[in-house]
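Data block below; observations after.
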Amino acid sequence: MIEVKHLYKSFDDKEVLKDINATFNNGQVNLIIGQSGSGKTVLIKNIVGLLTPTSGNILYDGRDFVTLTKKERVMLRREMGMIFQSAALFDSLTVLENVMFPLDMFSDKPYEDRVKRAQHCLARVNLEGTDKKLPAELSGGMQKRVAIARAIALEPKYLFCDEPNSGLDPKTSIVIDELIAGITHEDKITTIVNTHDMNSVMGIGENITFICEGRAEWQGSNKEIMDATNKPLEDFIFASDILRQAKITYDNEKKKKGLSPDPSL
Amino acid sequence: MLTVKSGLTHLGRYVQLMGRVLTQPDRWRMFYKQYISEMFQLGYNSIGLVLIISFFIGAVICLQIKLNIQSPWMPRMVVGYTTREIMLLEFSSSIMCLILAGKVGSNIASELGTMRITQQIDALDIMGVNSANYLILPKIAGLMTIMPVLVTLSVFSGIMGAYATSLMGTTTVPELDEGFRYQFNQWFFWCGMIKAVVYAFIITSVSAYKGYTVEGGSVEVGKASTDAVVSSSILVLFADIFLTQILT
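Written out as structure tokens, the structure is:
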């Protein structure tokens, strides 16, 4: 479990994160959602330690990342896997070498075992037979899957995904979402996904944190989001006509069943 | 005032980065792999350039000395002697390193800059890898190893260029032979080697600093690449003055 407590982050005079409090559960897909510029990426970068918070605490199963020593942070980072928006695969390495990289760096297992583990991870993301290809030879979706394989190679306890569906078509996005959710549940990983893709929100969002103008405005599941009465959240989620219509239909059905609809719409 | 402040800021950040670079590698087998690869990429791939430039410069120096310095009052071996001293003391060690600063420096800065903007360096950091050490140390060690070899090849190629002028009838092989052997001071060769190692460190570390600290996009990577060449060239020239004063 990862807990964020009273997290503030400023750049010069600009306060980007304001008193963020959120809990990300173990074995669940935890989503951070919000508009572009709301502070999602800054929040995830603070959580993984790419940025240092101005104040506040980030607890990894009770271990406060902010107060850890350099050596302890390095050890904790070996329990993390991250999938970047751009996949961030190493250009000069083949697919297999990319997936093997964390194993080569931190595992004492013999070479054959490391290759087997990397091939197992590639098989898990349905990328058998691509071992010798370079990242530039792969499609965007395949690159993301290689990034997932690399992130899980060391069997991490915490998995972070920064907009994993960015630039992908809806079908491929669903494949990526299902992979992330599947791995999270099977391996009991604490997964945090930074997204503004509504398909992901509705599909895999077991624990959603909504960020608006640097504040954590709402936290709940994808089932609760339809009944949420938070105005900025509704403006964000139901911004498109299709989703707004779906919300009206949902409220009407509830009304028919005798439950009160959301008064804000 | 602002320039001084900016200069000191860069110096501080450079020292901090070197503090992260010059530590024990996380995994020696990965370091050796990278070290061999960098020696090949930065050094081996520059051999052709070094041989061609040095050959022609050696030939041109020989011709210029013959045309401008030699007179009936000068011994005939002065052409070979002067060519050898110029190649050994200055061209192969310093000017060749300046030329390599352009090739190697821009290569390093653009490679690291691209890795930075495409989040590959962030990916290393999140894995718990000391990215500065993993990416930069093999480059520094690789070029510091291969640079003395390149300088030796440059001297050799320059002398071959000088011999080649004898085919044009400008000089004769026995005259050049005499000049090349005349009062040879072995220490001058070692001066060139010391300079080569120091310049290799300057070129790789400064270029790596410029590339590693890029912020922004492709325009900034291009700028960092240019800055790397300019800064490392200027620092090589400064170092040349001090090293020449100290070593000779």
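Order-wise, the sequence lines are chains Z and C. Position in the first sequence counted from 1, then plus 377, gives you the working numbering. Position in the second sequence counted from 1, then plus 59, gives you the working numbering. Built from N, CA and C at the ideal position, the CB exists for glycine as well. Given the structure is predicted, the values throughout are model-derived calculations rather than measurements.
Please list the partners that Z/Ala593 has in chain C, where partner means a Cβ-to-Cβ separation under 9 Å. Neighbours of Z/Ala593 on chain C: none; closest Cβ ~23 Å, over 9 Å.
Distance between C/Ala223 and C/Gln180 (C-alpha atoms, nearest Å): The amino acid at residue 180 of chain C is misidentified as Gln; the sequence shows Ile. Here the C-alpha atom of C/Ile180 lies approximately 49 Å from the C-alpha atom of C/Ala223.
What do you reckon, are the CB atoms on Z/Phe537 and Z/Ile421 nearer than 8 Å? Yes. Within cutoff.
When the Cα atoms are used, what is the spatial distance from C/Thr62 to C/Leu76? Rounded to whole angstroms, C/Thr62 to C/Leu76 spans 21 Å at the Cα level.
Where C/Ile106 sits in the DSSP three-state scheme: Here C/Ile106 carries a helix assignment [DSSP, helix/strand/coil].
Element boundaries [alpha helix (DSSP H), containing Z/Ala558]: Boundaries of the alpha helix (DSSP H) around Z/Ala558: 547-564.
Of all the CB atoms in chain Z, is at least one closer than 8 Å to the CB of C/Gly238? Answer no: the Cβ-Cβ gap between C/Gly238 and chain Z never drops below 8 Å.
8 Å Cβ cutoff met for C/Gly220 and C/Ser113: Contact flag set, yes.
Which residue from C/Leu159, C/Asn127, C/Leu126, C/Cys121 puts its Cα closest to that of C/Met146? The shortest Cα separation from C/Met146 among C/Leu159, C/Asn127, C/Leu126, C/Cys121 belongs to C/Cys121.
Taking a Cβ distance cut-off of 7 Å, strictly less, list which residues of the region 167-192 of chain C are near chain Z, in chain order. Within the region 167-192 of chain C, Thr177, Gln178, Gln179, Asp181, Ala182, Asp184, Ile185, Met186, Gly187, Val188 place their CB atoms closer than 7 Å to a CB of chain Z, listed in sequence order.
Which chain C residues sit within Cβ distance under 8 Å of Z/Asn455? The displayed chain sequence assigns Arg, not Asn, to residue 455 of chain Z. Those are Met186, Gly187, listed as they occur along chain C.
Taking only beta-carbon positions, decide if Z/Pro609 is within less than 8 Å of chain C. No, its Cβ sits nowhere closer than 8 Å to a Cβ of chain C.
Excluding the five sequence neighbours on either side, which residues of its own chain have a C-beta within less than 7 Å of the C-beta of C/Ala118, listed in chain order? For C/Ala118, the CB contacts under 7 Å within the same chain, skipping 5 residues up- and downstream, are Gly220, Ala221, Ala223, Thr224 in chain order.
DSSP state of C/Ile128 mapped onto helix, strand, coil: In the structure shown, C/Ile128 falls within a coil segment according to DSSP collapsed to helix, strand and coil.
Using alpha carbons as the reference points, say which of C/Val295, C/Val273, C/Phe215, C/Thr303 lies closest to C/Arg143. Out of C/Val295, C/Val273, C/Phe215, C/Thr303, C/Phe215 has the C-alpha closest to the C-alpha of C/Arg143.
Going along chain C in order, which residues have a C-beta closer than 8 Å to the C-beta of Z/Pro479? The contacting residues are Met186.
Quick check on the burial criterion: 16 or more other C-beta atoms within 10 angstroms. Buried or exposed for Z/Leu642? For Z/Leu642, the pLDDT reaches just 46, beneath the cut-off of 50, and the residue's location in the model is therefore unreliable, although a value from the coordinates is still provided. Exposure of Z/Leu642 is indicated by the presence of fewer than 16 other C-beta atoms within 10 angstroms of its C-beta.
Check whether chain Z comes within 8 Å of C/Arg79, counting only Cβ atoms and requiring the distance to be less than that. Not one chain Z Cβ lies under 8 Å of C/Arg79.
Please name the residue in Z/Lys382, Z/Asp390, Z/Leu384, Z/Asn403 whose C-alpha comes closest to that of Z/Glu583. With distances taken between Cα atoms, Z/Glu583 lies closest to Z/Asn403.
How close, in whole Å, do the beta carbons of Z/Asp530 and Z/Arg494 come, if the pair is a contact with beta carbons under 8 Å? Just to set this straight, residue 530 of chain Z is Ala in the shown sequence, not Asp. Right, the Cβ-Cβ distance comes to about 6 Å (below 8 Å), so this counts as a contact.
Buried or exposed: where does C/Gln100 fall if 16 or more other Cβ atoms within 10 Å of its Cβ makes it buried? With a 10 Å radius around the Cβ and a threshold of 16 neighbouring Cβ atoms, C/Gln100 comes out buried.
Could you tell me whether the Cβ of Z/Phe442 comes closer than 8 Å to any Cβ of chain C? No, its Cβ sits nowhere closer than 8 Å to a Cβ of chain C.
Z/His383 (DSSP reduced to helix, strand or coil): The answer is strand: DSSP assigns Z/His383 an E or B state.
Only counting runs of 3 or more residues, tell me where the beta strand (DSSP E) segments fall wholly within the region 399-429 of chain Z, in order along the chain. With a minimum length of 3 residues, the continuous beta strand (DSSP E) runs that stay inside the region 399-429 of chain Z are 406-410.
Specify, as a first and last residue, the run of the beta strand (DSSP E) that Z/Phe673 falls within. The structure shown does not extend to residue 673 of chain Z, since chain Z spans only 378 to 642, so no value can be given for it.
Chain C partners of Z/Ala558, CB-CB under 8 Å? Within chain C, no residue comes near Z/Ala558; the closest Cβ sits about 21 Å away, beyond 8 Å.
Taking Cβ positions only, does Z/Ser463 come closer than 8 Å to chain C? With 8 Å as the cut-off, Z/Ser463 counts as an interface residue toward chain C.
Classify Z/Asn629: buried if its beta carbon has 16 or more other beta carbons within 10 angstroms, exposed otherwise. Exposed.
Going along chain Z, which residues have a C-beta under 8 Å from C/Arg86? Chain Z residues near C/Arg86: Asp481, Met482, Phe483.
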